[in-house]
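Quick note, in the working numbering, the sequence shown goes up one by one and the last residue is 174.
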Amino acid sequence: MAAQAGAAWASTRIWVEHAPAVAAFLRARGSREPEDLTSEVFLAVFDRIRDFSGDGAAFRSFVFSVAYRRLVDELRMRSRRGETTEWTAELDPRRASSAEDEATVRVGDARVRALLAQLSPDQRDVMVLRIVADLTVEQVAQVLHKRVGAVKALQRRALENLRRKLAANRTPVSVASDSDE
């Protein structure tokens, strides 16, 4: 692997191929600074890349193992120190945002995050690694240090859970009958 030999182009390629998925994973799992944490993940990956052996799939698992451990570290640190938020004008509750801004915030990511928040932590980890990180069941098992069967069971339970929650929130469409006309 060229990156193991120190080729800058290879490191750039690794970053371009993997950083967006890592940042999305970290964001979905609640990192306060997903871009900063993504940078930390790749600093650790590049520090340890000389010791890596395996194919592309194994490398992807390696990258997400590092990302998962960094995320756990961040979450532990936050739980010990408590939550702090830096003031920004955009997040000031006294600021009047446009209806378009509010609608955008409410519809997209918020709904997905709310659904994921209702899952158990293990189910949430499996779903985010499978969907956002696009890892195989075997790779997720490796990242989470679980058996493949356990990951499959967690995924199945998470999907059933999400299916029930989505079905409960659906509004039935009324269909006009012939007698209504």
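Even glycine gets a Cβ: it sits at the ideal position worked out from N, Cα and C.
{"Asked": "Quick check on DSSP: helix, strand or coil for residue 175?", "Found": "Lying before the first or after the last residue shown, residue 175 is absent from the chain, which here runs from -6 to 174."}
{"Asked": "For the region 53 to 63 against the region 144 to 162, are there 3 or more C-beta pairs whose distance is under 8 Å?", "Found": "no"}
{"Asked": "Just mark residue 120 as buried or exposed, buried being the case when its beta carbon has 16 or more other beta carbons within 10 Å.", "Found": "buried"}
{"Asked": "Taking all protein chains shown into account, do 16 or more other C-beta atoms lie within 10 angstroms of the C-beta of residue 16, making it buried, or fewer, making it exposed?", "Found": "buried"}
{"Asked": "Note down the Cα distance separating residue 53 from residue 38, rounded to an integer number of angstroms.", "Found": "11 Å"}
{"Asked": "Going by Cα to Cα distance, which pick from 12, 69, 42 is closest to residue -6?", "Found": "42"}
{"Asked": "At the level of alpha carbons, what is the spacing between residue 31 and residue 19?", "Found": "8 Å"}
{"Asked": "Give me the Cα-Cα distance between residue 67 and residue 115, rounded to the nearest whole angstrom.", "Found": "17 Å"}
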